Amino acid sequence: MTTEPGAQQRRVVVTGLGCVTPSGVDVQTTWDAVCRAESGAAAITRFDTEALPVGIACEVKSEPPLVDVSAKDARRLDRILRFTLQASQQAVAQAGLDFEKLDREQVMVAIGSGVGGVETLFANQKILETRGARRVSPFVVPYSIVNMPSGMISVHYGLGGPNLAHSTACASSSHAIGEAMEAIARGTANVALAGGAEAPIVPLSIAGFAAMRALSHNPDAARASRPFDADRDGFVLGEGAAVLVLEAEEHARARGAEALAIVEGYGASADGFHLSAPDQEGRGAVRAMRAALVRAGVDAGAIDAVNAHATATPAGDPVEAYALRTVFGSTPPPISATKSTTGHLLGAAGALEAILSIQSLRDQILPPTANLERVAEGCELDHVTERARPARVQRVLSNSFGFGGTNGCLILAGPNAPASGGNP
């Protein structure tokens with residue numbers, strides 16, 4: 000699912016970034032922690048886990064204040080909506096967007112989420128069972144539906160452009176960014192706030208993912224997330240939000256905005272194989288990566304680094320490694336797996352990893368994969384381990400693969416990267 004190169008397309012740049020994660024309250028604190036391989040995992044603090052099979056997660060430990068939202072209103076919001084607004088306000092501030100001076104009907108919102116506001120949903124299910132229907136909150140439906148993060152941004156800023164929600168499991172926000180890029184490229188919008196948000200850390204989610212054998216049972220929280228490691232046993236559930244401001248390059252230039260990166264390539268595909276397990280030959284992942292390369296107008300040799308999906312599940316990591324070797328040959332570019340420190344933010348993971356890829360382009364370093372001590376059979380790649388690695392980085396491929404066999408891949412290029420065949 001790509002736009003063919005050669006058609007008249009506008010170049011799409013990134014002018015603002017924002018995030019709230021288990022690793023930090025903004026982009027810089029998150030990036031610093033990731034580069035130090037500092038885990039965001041710890042014992043769950045927000046509910047009793049004694050009856051649960053897993054008691055660790057990557058929780059957001061502190062939240063930045065919201066602007067133009069009262070403390071009372073902020074407390075009432077589901078966590079996913081607070082995270083969304085916090086990340087979007089950071090991104091808008093960095094981009095220097097003044098919506099009073101923009102055509103708001105040309106500003107798009109595309110926020111991905113895998114599960115929506117589950118905290119509100121499950122809290123009110125308990126209220127229904129114990130206190131009756133009359134005590135259920137009138138906010139239970141609007142706060143829990145998957146499109147409300149997008150809706151909240153659109154309402155908060157009074158935006159009139161397309162307002163979309165992508166819900167494709169762990170690929171949600173990569174698809175949101177990719178589709179926003181395509182909309183701007185073809186002229187549907189001039190600006191987009193695109194990314195993802197997730198707040199899935201509730202008892203039922205922990206129990207459900209554990210029942211699938213998807214979560215790590217390692218009691219040592221800081222060492223539990225181990226992508227590509229022989230002793231990996233699943234991911235650590237995370238939460239947070241990540242939002243990027245995308246713009247048509249000429250629009251950004253006209254208002255004097257700095258381009259942080261170029262969204263150069265996007266590819267999407269389906270495995271058509273299994274509800275939760277990846278195709279064992281990685282064919283869907285391969286197609287998505289190759290589609291992103293075609294859209295970017297570059298060959299595999301132009302990619303300098305990969306931020307892998309790499310959730311640390313026994314089934315998923317070797318399939319991704321196999322797919323990377325299929326696309327790149329026997330010597331793939333260096334691989335980072337940042338879920339080893341941030342945890343798995345589900346639908347927000349792709350957007351966060353796109354931001355981390357842009358930080359790599361800015362600082363010319365590759366973040367390490369934490370806890371990778373003994374590479375698993377079938378996962379042999381050029382892994383960045385132990386500490387961040389200085390490197391010459393012009394283009395990063397960021398992979399996101401989700402339940403239902405859905406795949407989304409992005410190629411981010413430095414702001415001074417030469418024009419490619421897919422981005423004139």
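Position 203 (the sequence shown) corresponds to 202 in numbering that gives the first Met the number 0; numbering is contiguous.
Don't be surprised by glycine CBs; every beta carbon is placed ideally from N, CA and C.
Quick caveat, the model's predicted, so the values are computed rather than measured.
With 16 other Cβ atoms within 10 Å as the buried cut-off, status of residue i
i	result
residue 216	exposed
residue 210	exposed
residue 117	buried
residue 226	buried
residue 5	Only weak support exists for where residue 5 lies, its pLDDT of 44 falling under 50; the value from the coordinates is given anyway. Flag for residue 5 reads exposed.
residue 66	exposed
residue 18	buried
residue 192	buried
residue 137	exposed
residue 274	exposed
residue 326	buried
residue 435	Here the chain comprises residues numbered 0 to 423, so residue 435 is not present and cannot be evaluated.
residue 29	buried
residue 38	buried
residue 50	exposed
residue 229	exposed
residue 340	buried
residue 412	buried
Among the options, nearest to residue i - alpha-carbon criterion
i	options	result
residue 387	379, 62, 362 and 232	362
residue 277	290, 264, 226 and 319	319
residue 265	48, 38, 172 and 19	172
residue 378	140, 59, 337 and 314	314
residue 194	326, 305, 252 and 146	146
residue 168	355, 207 and 349	349
residue 87	335, 351 and 399	351
residue 294	181, 115 and 164	181
residue 78	99, 312 and 114	114
residue 32	40, 22 and 41	22
residue 164	175, 157, 138 and 26	175
residue 212	311, 93, 384 and 14	311
residue 43	218, 179 and 94	218
residue 283	406, 76 and 102	406
residue 400	300, 373 and 285	285
residue 446	382, 161 and 397	The question about residue 446 has no answer here: the residues shown for the chain are numbered 0 through 423.
residue 317	374, 177 and 220	374
residue 158	130, 91 and 222	91
residue 54	98, 309 and 220	220
residue 16	234, 143, 346 and 256	256
8 Å Cβ cutoff met for residue i and residue j
i	j	result
residue 236	residue 202	no
residue 414	residue 12	yes
residue 367	residue 36	yes
residue 105	residue 190	yes
residue 336	residue 307	yes
residue 434	residue 272	Since the first and last residues shown for the chain are 0 and 423, residue 434 lies out of range.
residue 371	residue 384	yes
residue 248	residue 258	yes
Neighbourhood of residue i by C-beta distance below 8 Å, restricted to the same chain and skipping five residues each side
i	result
residue 83	110, 148, 151, 152, 196, 240 and 242
residue 324	331 and 380
residue 206	51 and 52
Extent of the continuous alpha helix (DSSP H) run through residue i
i	result
residue 355	348-362
residue 91	78-94
residue 252	248-253
residue 310	No alpha helix (DSSP H) holds residue 310; DSSP gives it neither H nor E.
residue 306	Where residue 306 is concerned, there is no enclosing alpha helix (DSSP H), although the beta strand (DSSP E) it sits in stretches over 304-306.
residue 120	117-130
residue 51	First-last for residue 51: undefined, no H or E at that position.
residue 292	282-295
residue 340	338-341
residue 326	315-327
residue 16	Here residue 16 belongs to no alpha helix (DSSP H); instead the beta strand (DSSP E) covers 11-19.
residue 203	202-210
residue 73	70-75
residue 177	171-185
residue 23	Where residue 23 is concerned, there is no enclosing alpha helix (DSSP H), given that its DSSP letter is neither H nor E.
Residue interval of the beta strand (DSSP E) (run including residue i)
i	result
residue 192	190-197
residue 429	Because the chain spans 0 through 423 in this model, residue 429 falls outside it and cannot be assessed.
residue 268	260-269
residue 140	Premise fails: residue 140 lies in the alpha helix (DSSP H), 139-143, not in any beta strand (DSSP E).
residue 234	Run containing residue 234: none; DSSP gives neither H nor E here.
residue 410	405-412
residue 165	162-165
residue 106	106-111
residue 394	394-401
Spatial neighbours of residue i in its chain, beta-carbon cut-off 6 Å, leaving aside the 5 residues before and after
i	result
residue 303	332, 392, 393 and 394
residue 364	387 and 389
residue 208	214
residue 268	283, 286, 287 and 406
residue 134	126
residue 358	30
residue 238	59, 197, 198 and 200
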